[in-house]
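Here the protein sequences line up with chains A and B, keeping their order. Residue 1 is where the first sequence starts when you use my numbering, and the numbers rise one by one after that. Residue 277 is where the second sequence starts when you use my numbering, and the numbers rise one by one after that. The beta-carbon is built from N, C-alpha and C at its ideal position, and this holds for glycine as well.
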Amino acid sequence: MTAKIFSYYPGCTSHSTAIEYIEASLAVIEALGIELRELPDWCCCGAASAHNLSSSLALGLSSYNVAEAQKEGRDLVIPCAGCYGNLAQADYAMRHDAEVRRRLESEFEFSFKDEIRMLSLVDLLAAEELRGEIKALVKKPLDGLKVVCYYGCAIVRPGAVTGVDDCENPRRIDSLVADLGAEVIDWSCKVDCCGGDLGLTDAEKTAELVGRIVDYAEAAGADCLVTSCALCQANVDIRQSRMPILYFTELMAEAFEIGDRARWWKKHFNDPGKLF
Amino acid sequence: MDKKCDKKLGVFVCWCGSNIAGSVDVDKAVEEAGKLDGVVHAENYMYMCSDPGQQKVKDTIVEKGLDGVVVACCSPRMHENTFRKAAGSVGLNSYLLEIANIREHCSWVHQNNKPVATAKAVNIIKATLDKVKENLPLETLTIELTKRVCVVGGGIAGIMSALDLADAGYEVVIVEKEPVIGGHTAQVSSSFPYFQNISKLLGEKVKAVLEHPNIKVYVNSEVEVLDGYVGNFNVTIKTRPAFVDSAKCTSCGECLAACPVSLPDEFNRGLSRRGAIFIYNASAEARIPVLRQEDCRHFADFEQSQEEKCRACVQSCSENAIDLGALPGRSEEFVGAIVMATGYDLYSPANLPEYGGGTIPDVVDALAFERMLDPNGPTGGKVLCHSDGRIPKSVMFIQCAGSRDPERHKAYCSRACCMYTAKQARLYKRQVEDGTAFISYMDIRSDSRDFEEFVQVGMEQENLVYIRGRVAKVFEENGRLKVFTADTLTGRQITMDADLVVLAMAMEPKAGVRELAKKMNVTIDGDAFLSETHIKLYPVESSTKGVYLAGCGQAPKDITDTVSQALATAGKIQTMFSNETLIADPLIAEVKDDVCSGCGVCIEICPYGARVMNDFVRISEVNQAVCQGCGACIAACPNKACELINSTSRQFLRVIGDFTSKVKAVV
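(1) Check whether the Cβ of F751/B lies closer than 8 Å to any Cβ atom in chain A.
(2) Could you work out which residue in A901/B, L765/B, D773/B is closest to L757/B when comparing CA atoms only?
(3) Since P629/B meets chain A, which of its residues come closer than 8 Å, beta carbon to beta carbon?
(4) E308/B versus chain A: which residues are under 7 Å apart at the beta carbon?
(5) Can you pull the chain A neighbours of E683/B, defined as C-beta to C-beta under 9 Å?
(6) How many Å lie between K139/A and F256/A at the Cα?
(7) Using only the alpha-carbon positions, how far apart do A782/B and K390/B sit?
(8) With C676/B as the anchor, note down where its beta strand (DSSP E) starts and where it stops.
(9) In its own chain, which residues sit with a C-beta less than 8 Å from the C-beta of T416/B, not counting the 5 before and 5 after it?
(10) I'd like to know if A219/A contacts chain B, where contact means its C-beta is closer than 8 Å to some C-beta of that chain.
(11) Counting only the same chain and skipping the five closest in sequence on each side, list residues whose C-beta sits under 7 Å from that of M1/A.
(12) Under 8 Å between C-beta atoms, does T206/A make it to chain B?
(13) By Cβ distance below 6 Å, which residues in the same chain neighbour D775/B in space, the five residues on each side in sequence not counted?
(14) Taking only beta-carbon positions, decide if S175/A is within less than 8 Å of chain B.
(15) Please list, in chain order, all residues of the same chain as R353/B whose beta carbon is under 6 Å from its beta carbon, the five residues on each side excluded.
(16) Closer than 7 Å by beta-carbon distance: list the chain B residues that pair up with S55/A, in chain order.
(17) Residues of chain B with a CB under 7 Å from the CB of S188/A: which are they?
(18) Please list, in chain order, all residues of the same chain as S188/A whose beta carbon is under 7 Å from its beta carbon, the five residues on each side excluded.
(19) Which of the three DSSP states, helix, strand or coil, is assigned to A865/B?
(20) Measure the C-alpha to C-alpha separation of A154/A and S62/A and round it to an integer number of angstroms.
(21) To the nearest angstrom, how far is the alpha carbon of K705/B from that of N652/B?
(22) Return the first residue and the last residue of the beta strand (DSSP E) that S497/B is part of.
(23) Expressed to the nearest angstrom, what Euclidean distance is found between the alpha-carbon atoms of G259/A and F543/B?
(24) Assign T635/B to one of two classes, buried (16 or more other C-beta atoms within 10 Å of its C-beta) or exposed (fewer than that).
(25) Does any C-beta atom of chain A lie closer than 8 Å to the C-beta of D934/B?
(26) If the criterion is Cβ atoms closer than 8 Å, does the pair L628/B and G546/B meet it?
(27) Who does D773/B pair with in a DSSP beta bridge?
(28) Touching or not, the region 512–523 of chain B and the region 562–581 of chain B, by the rule of three or more beta carbon pairs under 8 Å?
(29) So, with DSSP's three-state summary, where would you put C253/B?
(30) Using the C-alpha atoms, what's the distance from Q927/B back to V289/B?
(31) Go ahead and pull the three-state DSSP assignment for E257/A.
(32) Ends of the beta strand (DSSP E) at S896/B?
(33) Per DSSP, what are the beta-bridge partners of M783/B in this structure?
(34) In the DSSP assignment, find the alpha helix (DSSP H) that holds I879/B and state where it starts and stops.
(35) State the start and end residues of the unbroken alpha helix (DSSP H) segment that holds S681/B.
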């Protein structure tokens, strides 16, 4: 990750439910001297609906975006966990399945070169090379803040696609948050399900799943839960009133003392402001 | 155009009933073969391999004075030997007879197209004739044979093959890394499916080994160097320093108490602790303590002066039996065959953090549970929670822990776990009658004599609770273990409490086997298991002649299968030893010494270690006994200085030419 300029795929939640996540992320990225250039002609990744209707539609939408990013020739940063999951799947399919690749290449009239990588925001910011810079930017260490890190599914599974450090026990957000001075507590729900799309269709089931996650976060002694996924954040934040659910970049911005944090806290159901 | 052949060649086309004649027009093939350069005789017959068929070949060789023969029939793997023997019996050098495979390579794969099949058969015959024309008459090679065996690994596999070979009258050397022989079997409490006492069964065999006049055992030892080749291996064995003099030691135990070091005991799988000087297996007959240099404080601190260094054990010993200045030993053994019985380790539970492996004391692996069940073990045979010593009222056995998980761990099935888990759960239930044994499984693999019955008794009569599904995670909550899993038969998620979790960890090859395999020139697979030559027909032969395989080093297996394989290995070696010398095929590489520049590429490429540099003349030579005629050096040689005898580049180019020139359909 030597190049400091990356292509950027905003996705839809960056303009809506996860606006605080994107603002915090962009502020942190700017502070680190990294430039993001929005992909000129990006389209929907297919979200959670496309792959339920047709696998070729889901692959097609994501592959189109991968092809567009290839034109730019830079690694593509995808903050939304869902978008990242979809694009990474398409990228993986084209790298490993010659038939799928040929089909998509002829559909989008391009030639897949396997030159750029799909990066989640965790891939970008928890990179080993950035550790020194991140530590140097910490103005207000988050001493005494007890945090559990929650990864969910989209940036973790399948391990072969995401290239995660360990899909049963991922540790990269943990070490990043620890670098901010917070006390990271090891717990056993890092990759449990938040309910995902059931948040829209089965509120009762989602509340049960979310309740369990928060139960264990509380039992572990955490003040707050930190995630990198907008859907996880929404599901867990909306359905309980016991602890704030933050994005990891919000926590970084807090430690860096940058960005309009007071405005972001207002977007949360459980106010993180009281923690700091 | 090549010059006219001056040899008299014969072609014999077999019908193989309708196997060949059904797809190949054998009359046409004979007619076409008869027109080929050098052919003075061509005929076909219904079964050429039958006695009258062979007689035809023999008679024709004599009558027409043939210089070369092509038999067009099935694969050379079937009858090359048959026809070469026949030719040899009437005075034709058997290497002047070749097989043209027109069955597997032709008639069987072109069953619906007789003209094409016939044309191809003629082409195969023509190409084989062109090879025969340049074949040289050869004699088989004779190799000296040392009728002694080195067994690497003194577990149940090594013990059983060593005893069999020793009983047959051959001298055997066992090289064992640990201080005593017995291997992992010594850690196991009892066997399935009959609950036999393993320490009694194994104890008898260990005693037989130690008392056998034909067996020499090197403990605390490893193979350092292997030189030589089949029939003539030279094994250099390195033995750790014997710090404790077994002649002086009275096994009083003072030194054990005096040692300030405290480490988890490997033999008891961490259920007890040991010093740097310790007794490896408390129930083994040899009760002489061993001192492990890498754990000992005396050797750890280089800063300290000789006086400051820890000498607690030496000071405690009233017999002066401990000498911290002891040096490692080296021995050489000349043997004709080697048995690789290197065994397994359990994949570490620390690889499964989601199950609390390596962090939660009451999550133990299956061998630790065996140690609990052993009356001579650290708990005196009682199943106890390792954390606080209470009797566990519910035990969760998790099968396939690390096995059958290609994405994260081992893709293979470890084979023994289904059965030993059933055994462990049944033994637990006998001990803790009001306890519950849960077994999480993917499938139950109980495919041997009385195995399925054994599992069924556990399920139906002893109330073992089998839950089909994979456990998601195990963690601690309020001092108890919580298990999240699913019953995939009912489709329900399950959250349950447990006092003890037993992980049936995957078996993996012993640590260090990669380096050892390299020394022994034995190929390994992607998981580092030693590879056999052929899984069906040569199951105990390694890729190097004279090196044989037995036990879990080759693949995971239970004691029953390990012993069967060990005895098969011993049988194979006895077959080899039934000859006074070894006979080798002369179809190997040779070097044109006027072309070889001594670059050494062939030495690196040779998978058998058969190429050696003659440093005196700087020419690479071929060790005739080791070469398998694979041809790797021929392809690698930049100067074309190597050739495969009777498969020279010239012969092969001609054969390729025959196949690539336009094939004319014969109708």
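Result, derived from the coordinates:
(1) The residue you call residue 751/B lines up with position 475 of the second sequence. Judged by the 8 Å Cβ criterion, F751/B is in contact with chain A.
(2) On the second sequence, residue 757/B is found 481 positions in, with the first residue counted as 1. Residue D773/B is the option with its Cα nearest to L757/B.
(3) By one-based count along the second sequence, residue 629/B stands at place 353. In chain order: D166, E168, N169.
(4) For the purposes of this step, residue 308/B is identified with residue 32 of the second sequence, where counting begins at 1. Residues of chain A passing the Cβ test: none, with the nearest at roughly 42 Å.
(5) Your numbering for residue 683/B matches position 407 in the second sequence. Result: P158, G159, A160, C167.
(6) Here residue 139/A refers to the residue found at position 139 of the first sequence. Here residue 256/A refers to the residue found at position 256 of the first sequence. Looking at the two C-alpha atoms, the distance is approximately 5 Å.
(7) Position 506 of the second sequence, counted from the start, is the residue given in the question as residue 782/B. Position 114 of the second sequence, counted from the start, is the residue given in the question as residue 390/B. Their backbone Cα atoms lie some 53 Å apart in a straight line.
(8) Your numbering for residue 676/B matches position 400 in the second sequence. 670–677 is the span of the beta strand (DSSP E), which, as asked, contains C676/B.
(9) Within the second sequence, numbered from 1, the residue matching residue 416/B stands at position 140. Closer than 8 Å at the Cβ level, and outside the excluded window around T416/B, lie I859, A860, D861, P862.
(10) Taking the first sequence and counting its residues from 1, the one referred to as residue 219/A is at position 219. Yes, because at least one Cβ of chain B sits closer than 8 Å to the Cβ of A219/A.
(11) Numbered from its first residue, the first sequence carries residue 1/A at position 1. Below a pLDDT of 50, predicted positions are generally treated as unreliable, and M1/A, at 44, falls in that range; the measurement from the model is reported next regardless. Answer for M1/A: A127, E129, listed in chain order.
(12) Looking up residue 206/A in the first sequence gives position 206. So no, T206/A is outside the interface.
(13) The count along the second sequence starts at 1 and reaches residue 775/B at position 499. Counting only Cβ-Cβ distances below 6 Å, and skipping sequence neighbours, we find C661, P668, K669, S670.
(14) Locating residue 175/A in the first sequence gives position 175, counting from the first residue. It does not; no Cβ of chain B falls within 8 Å.
(15) Along the second sequence, one-based indexing puts residue 353/B at 77. Closer than 6 Å at Cβ, skipping near neighbours: no residue.
(16) The residue given as residue 55/A occupies position 55 in the first sequence. Those within 7 Å of S55/A in chain B number zero; the least Cβ separation is about 20 Å.
(17) Taking the first sequence and counting its residues from 1, one reaches residue 188/A at position 188. Chain B residues near S188/A: K749, F751.
(18) Here the question's residue 188/A lines up with position 188 in the first sequence. Result list for S188/A: Y216, in chain order.
(19) Taking the second sequence and counting its residues from 1, one reaches residue 865/B at position 589. In this structure, A865/B counts as strand in the three-state DSSP scheme.
(20) Indexing the first sequence from 1 puts residue 154/A at position 154. Indexing the first sequence from 1 puts residue 62/A at position 62. Cα to Cα, A154/A sits roughly 15 Å from S62/A.
(21) As a working note, residue 705/B is residue 429 in the second sequence. As a working note, residue 652/B is residue 376 in the second sequence. Near 20 Å, if we compare the C-alpha coordinates of N652/B and K705/B.
(22) Start at 1 with the first residue of the second sequence, and residue 497/B comes out as number 221. S497/B -> beta strand (DSSP E) spans 497–505.
(23) The residue labelled residue 259/A in the question sits at position 259 within the first sequence. The residue labelled residue 543/B in the question sits at position 267 within the second sequence. If I take the Cα positions, the gap works out to 58 Å.
(24) Stepping through the second sequence from its first residue, residue 635/B is reached at position 359. The residue is exposed, with fewer than 16 neighbouring Cβ atoms inside 10 Å.
(25) Against the second sequence, residue 934/B aligns to sequence position 658. Output row for D934/B: interface = no.
(26) Counting from one through the second sequence, the residue named residue 628/B turns up at place 352. Counting from one through the second sequence, the residue named residue 546/B turns up at place 270. It is not a contact, given that the beta carbons lie outside the stated cut-off.
(27) As a first step, residue 773/B is located in the second sequence; it is residue number 497 there, counting from the start. BP columns for D773/B point to K758/B.
(28) yes
(29) The requested residue 253/B does not occur in the structure, where chain B is confined to residues 277 to 943.
(30) Taking the first residue of the second sequence as 1, we reach residue 289/B at position 13. Taking the first residue of the second sequence as 1, we reach residue 927/B at position 651. Going from the Cα of V289/B to the Cα of Q927/B covers about 22 Å.
(31) In the first sequence, residue 257/A corresponds to position 257, counting from 1. Of the three classes helix, strand and coil, the one that applies to E257/A here is coil, per DSSP.
(32) The residue labelled residue 896/B in the question sits at position 620 within the second sequence. Its beta strand (DSSP E) spans residues 895–898.
(33) Along the second sequence, read from residue 1 onward, the residue named residue 783/B stands at position 507. Answer is L622/B.
(34) The residue you call residue 879/B lines up with position 603 of the second sequence. Counting along the chain, the alpha helix (DSSP H) containing I879/B begins and ends at 877–881.
(35) Position 405 of the second sequence holds residue 681/B. According to the sequence provided, residue 681/B is Asp. The question's Ser does not apply to it. No alpha helix (DSSP H) contains D681/B, which DSSP labels as neither H nor E.
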